[in-house]
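For the protein sequence lines, the chains are B and S, in the order given.
One gets the working numbering by counting positions in the first sequence from 1 and adding 228 to each.
One gets the working numbering by counting positions in the second sequence from 1 and adding 11 to each.
Notes follow once the structure below has been shown.
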Amino acid sequence: TQLLEQSPQFLSIQEGENLTVYCNSSSVFSSLQWYRQEPGEGPVLLVTVVTGGEVKKLKRLTFQFGDARKDSSLHITAAQPGDTGLYLCAGGPQLSFGAGTTVTVRA
Amino acid sequence: NAGVTQTPKFRVLKTGQSMTLLCAQDMNHEYMYWYRQDPGMGLRLIHYSVGEGTTAKGEVPDGYNVSRLKKQNFLLGLESAAPSQTSVYFCASSYGAGIGNQPQHFGDGTRLSIL
Chain B
229 TQLLEQSPQF
239 LSIQEGENLT
249 VYCNSSSVFS
259 SLQWYRQEPG
269 EGPVLLVTVV
279 TGGEVKKLKR
289 LTFQFGDARK
299 DSSLHITAAQ
309 PGDTGLYLCA
319 GGPQLSFGAG
329 TTVTVRA
Chain S
12 NAGVTQTPKF
22 RVLKTGQSMT
32 LLCAQDMNHE
42 YMYWYRQDPG
52 MGLRLIHYSV
62 GEGTTAKGEV
72 PDGYNVSRLK
82 KQNFLLGLES
92 AAPSQTSVYF
102 CASSYGAGIG
112 NQPQHFGDGT
122 RLSIL
């Protein structure tokens, strides 16, 4: 059973546009991690959010953890082709992963 | 700094054959993990280890065995390969458990096809 649901499954946007991807669950998590995976490579950790309502910024990426610690979002401002990849959220005692959102940024 | 290294990178097997995937990490991490990644399914945990000499089952352990004889190595075995085991396999390691603030460091994967 997959505990984390990510939406949308696919997202294709033009360079310079903004985008938001979501990670939702019916369970409460002590923390959530976000990873980015590029083709032919393993996932790489972007950020960990641990406090309900927390907002973390990583350059043009903004991560938010829901107040109830059941959901999280990733917002990218002024997307660039280098942001293309599979974005995965993960959490739980055995670090369950969502199925991911495939983001394509067109030049 | 190599991080997590997986061998081989690609392999094609026939149904019923056996093979071992090797994962090596040079970060002195205690925890190591094996995942499989299938389209639309995300990463699913097969087995993991919390230290040398220990192993535990994850979400999808059937058909796989693992061993952690040395701290830096984690082996994944397929005793009798089946087409349903066609997947991309990822190994990861972490200083502590994957929860909390401990990141997992992943290898680049092994692409395995079972004919």
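All C-beta atoms in this analysis are idealised placements derived from N, C-alpha and C, irrespective of residue type, glycine included.
Against chain S, the CB of Glu-266(B) has no partner CB under 8 Å away; the residue lies outside that interface.
With respect to Ile-304(B), Leu-289(B) sits close: the two C-beta atoms are nearer than 8 Å. One alpha carbon belongs to Leu-260(B), the other to Gln-48(S), and they sit about 19 Å apart.
Taking a cut-off of 8 Å on C-beta distances, the region 239-252 of chain B touches the region 294-309 of chain B, as three or more cross pairs fall below it.
In the structure shown, the three-state DSSP call for Ser-95(S) is helix. When beta bridges are read from the DSSP output, Ala-318(B) appears opposite Gln-261(B), Phe-325(B).
With its beta carbon less than 8 Å from one in chain B, Met-52(S) belongs to the interface. For Gln-292(B), the beta-bridge partners assigned by DSSP are Val-283(B), Ser-301(B). Contact residues of the region 270-297 of chain B toward chain S are Gly-270, Pro-271, Val-272, Leu-273, Thr-276, Val-278 (C-beta to C-beta distance below 8 Å). Bridge partners of Val-61(S) according to DSSP: none are assigned. Contact annotation: in the region 300-322 of chain B, residues whose CB is within less than 9 Å of a CB in chain S are Leu-316, Ala-318, Gly-319, Gly-320, Pro-321, Gln-322.
Residue pairing for Glu-233(B): DSSP places it in a beta bridge opposite Asn-252(B). Proximity of the region 88-99 of chain S to the region 34-53 of chain S meets the contact definition, three or more beta-carbon pairs being nearer than 8 Å.
At least one CB of chain S lies nearer than 8 Å to the CB of Phe-325(B). Flagged as an interface residue toward chain B: Phe-101(S), by a C-beta distance shorter than 8 Å. Taken through DSSP and simplified to helix, strand or coil, Gly-310(B) comes out as helix.
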